[in-house]
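Participant: Numbering-wise, my numbering comes out as the position in the sequence shown, counting from 1, plus 35.
Glycine is no exception: its CB is placed at the ideal position from the N, C-alpha and C atoms.
Attaching a single structure in C-alpha cells format; questions to follow.
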Amino acid sequence: MRPKAEPHQLSFQLAIAPLPPKFLALSQAPRVPTHGIPLEVVLDILETVCYEDGAMAAELLRTCSLVCKSWSFPAQKLLFRRIHLCSQAAYNSFIYAADRSTERGRILGDSVVQMHVVLDNNQPGPLKQASFAHGVTLCPNLHELSLALYGCGEPGNDIVGSPALERMRRPAPSFELGTLKLLRTGPPIMSLHFSNWSDNDQSIVQLLDIWPSLQSLSITGKTPHLSPGLTQPPFASALTRLRMNCQHESSLDFLEWLLHTSSQANSLCAIELDREPSLDLLDYLTKNHMGSLQELAIPSCTTSEHATAVIRCRSLRQLRTERPSMSIVPSVFRQLPMGIQHLAFGMDQDTPLQTLIDAVKTRDELESITVNVWDKGDGHRQLPGLKMACAFRGVDLRITNDVRVHRAMVVSVRFSGGFGL
C-alpha cells in the first residue's frame with residue numbers, strides 16, 4: 036500500500052539581490068555619444084572606400100556627404116579625388132565647386148589627383164578644349180590624367196555603335212596653341228592614358244611635348260606617328276611604365292623617339308602590349324630595356340624567337356601571357372629568372388606543365404601564379420601536380436576561364452605592389 040501524500044504549505048520569494056555597481060555599469064547597452072560617431076572613425080571608413088575605384092565607391096561617398104554637416108566636407112574632399120569632365124555642363128559644375136577664390140574651392144581643387152576627360156564633339160554640349168585646360172590648372176595636385184579624344188562625324192552620318200575603324204577615320208582638330216600654353220601652366224602630370232578615336236595621329240605628340248614629367252604612359256586607338264619631314268627632339272621623360280593597344284603596331288621610329296631618354300636612363304620597368312607584337316618590335320623592346328624591365332605583358336609567346344626575346348630579360352618580376360602555346364611554354368618556364376614573383380599564362384589540355392612545376396620548386400621568390408584556362412584545360416592531367424607544388428611552396432595559385440578576370444587578377448597583384456598603368 037502506497038503512503039498517502041500529505042499537503043504542505045510552500046511559498047516563494049523572487050527577490051533579486053542587488054548587483055554590484057561596477058557590474059551594473061558593464062551590463063548596460065553601449066550608448067552612442069550625443070555628438071555621433073567620432074569623426075576620426077568616419078574618416079578611416081571613408082578613406083578605405085576611396086581606394087575602391089568605381090561607380091559604387093563614388094555613389095557611397097556622395098551618400099555619405101549628405102548624412103550630416105560634419106560628414107559632408109570630408110566626404111566631398113574624397114569624392115573630388117577622382118573627377119570626370121565629359122561635357123561642358125560637368126565642367127561648369129566643377130569650376131563652381133573648385134573656385135580658387137574661396138577656401139572651400141581651393142581645398143576641393145587641391146583634393147583632385149585623378150581626372151578623366153572626354154573631348155567628343157558628337158555629343159550635345161561637348162567639353163571645349165580651353166575648358167579642359169582650365170579645369171586641369173585648377174588642380175595643383177593632379178598627377179593622373181585619362182583623356183579620350185573622338186573625331187567629329189559629318190552631319191547626319193554620326194551613327195551610334197558604328198565600328199571602331201570607321202570612328203577612327205573621323206577628323207579631330209589638333210590642340211590649339213592657347214590650350215597647350217594653358218596646360219603648361221598646370222600641374223606636372225605623371226601618368227597619362229590617352230585614347231584616340233579619331234584620324235589625328237599628332238595629338239599625342241603635342242601632349243607629350245608639354246609633360247616631360249610623365250612616368251607612366253598608356254596609348255589606345257589610333258597609332259601615333261611622327262610628322263614626316265620634321266625633326267623632333269627625343270621625348271624628354273624617362274618613362275617607367277608603357278602600355279600600348281593601338282589599331283596598328285607603332286613604328287620603330289616612333290618608339291625610338293618615345294623611349295630614347297628611357298633607354299639612356301635605364302628607367303623602363305614595365306611594358307604591356309595588348310596586341311600581338313611582331314618579332315621586330317618585341318626584340319627591339321627587350322634588347323634596349325632588358326636591364327631595367329621587371330614586368331612584361333604580351334598576349335602570347337608563339338615562336339622560339341619570341342621566347343628568346345622574353346627570357347633575355349633577367350630582371351623580370353612579373354610575366355603575363357594569355358593564350359596557350361604548347362611548344363614554346365616549356366622553354367620560357369625552364370629559363371624563368373630566379374627573381375620572378377608573379378607569373379600568368381594561358382593553358383589548354385595540351386600545355387606542358389612539368390617545367391613550370393620544376394620552376395615552382397626552385398624559384399624562392401615566386402609568390403603567385405594565375406592561370407587562364409582554355410579548351411578543357413581544367414582537366415589537364417598535370418594540374419593536380421601544379422596545385423600540390425604551389426601548396427607545398429606557399430605559392431598563391433589562381434585559376435579562371437575568363438580572360439577579363441585573368442587580367443583583373445594580375446592587375447590586382449600589380450597595384451598591391453606599387454603604381455600601375
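1) Per DSSP, what kind of secondary structure is Ala443 in: helix, strand or coil?
2) Taking the alpha carbon of Arg116 as the point to measure from, which residue in Ala125, Gly144, Arg135, Ala271 has its own alpha carbon closest?
3) How many angstroms separate the CA atom of Cys336 from the CA atom of Ser360?
4) Could you tell me whether any non-hydrogen atom of the ligand NAP is closer than 7 Å to the CB of Gly256?
5) Thinking C-alpha only, which one of Pro206, Ile254, Ile346 is nearest Leu308?
6) How many angstroms separate the CA atom of Leu274 from the CA atom of Gly414?
7) List, from N- to C-terminal side, the alpha helix (DSSP H) runs of 4 residues or more that fit wholly inside the stretch 289-374.
8) Give the DSSP-derived three-state secondary structure of Met150 in the structure shown.
9) Taking Val438 as the reference, give the member of Arg355, Gly140, Ala125, Leu215 with the closest Cα.
10) Just how far apart, CA to CA, sit Phe289 and Pro259?
11) Strictly by DSSP, which residues pair up with His119?
12) For Lys112, count neighbouring Cβ atoms within 10 angstroms of its own Cβ and tell me buried if that reaches 16, exposed if not.
13) Tell me the residue span of the beta strand (DSSP E) that contains Gly381.
14) What residue range does the alpha helix (DSSP H) around Phe167 cover?
15) Which two residues bound the contiguous alpha helix (DSSP H) that contains Thr214?
16) Taking its Cβ as the centre, do 16 or more other Cβ atoms sit within 10 Å of His441, making it buried, or is it exposed?
Facilitator: With the given structure in hand:
1) The residue labelled residue 443 in the question sits at position 408 within the sequence shown. It is helical.
2) Position 81 of the sequence shown, counted from the first residue, corresponds to residue 116. Answer by Cα proximity: Gly144.
3) As a working mapping, residue 336 is identified with position 301 in the sequence shown. As a working mapping, residue 360 is identified with position 325 in the sequence shown. Taking the straight line joining both Cα atoms gives about 7 Å.
4) Judged by which ligands are present, the structure shown has none, so any question about the ligand NAP falls away.
5) For the purposes of this step, residue 308 is identified with residue 273 of the sequence shown, where counting begins at 1. Looking at the Cα atoms, Ile254 is the closest of the given residues.
6) The count along the sequence shown starts at 1 and reaches residue 274 at position 239. The count along the sequence shown starts at 1 and reaches residue 414 at position 379. Each residue's Cα considered, the two are about 42 Å apart.
7) 314-324, 339-346, 364-369
8) Within the sequence shown, numbered from 1, the residue matching residue 150 stands at position 115. In this structure, Met150 counts as strand in the three-state DSSP scheme.
9) Taking the first residue of the sequence shown as 1, we reach residue 438 at position 403. The residue with the shortest Cα to Cα distance from Val438 is Arg355.
10) Reading the sequence shown from its first residue, position 254 is the one you call residue 289. Reading the sequence shown from its first residue, position 224 is the one you call residue 259. Cα to Cα, Phe289 sits roughly 8 Å from Pro259.
11) As a position in the sequence shown, residue 119 is number 84, starting the count at 1. Answer by DSSP bridge pairing, in chain order: His151.
12) As a working mapping, residue 112 is identified with position 77 in the sequence shown. By the 10 Å Cβ count, Lys112 comes out buried.
13) To locate residue 381, count along the sequence shown from 1; it is residue 346. From DSSP, the beta strand (DSSP E) with Gly381 extends over 377-382.
14) In the sequence shown, the residue the question calls residue 167 occupies position 132. Looking at the DSSP string, the run of the alpha helix (DSSP H) that includes Phe167 is 164-172.
15) Position 179 of the sequence shown, counted from the start, is the residue given in the question as residue 214. From DSSP, the alpha helix (DSSP H) with Thr214 extends over 212-219.
16) Looking up residue 441 in the sequence shown gives position 406. Buried, because 16 or more other Cβ atoms sit within 10 Å of the Cβ of His441.
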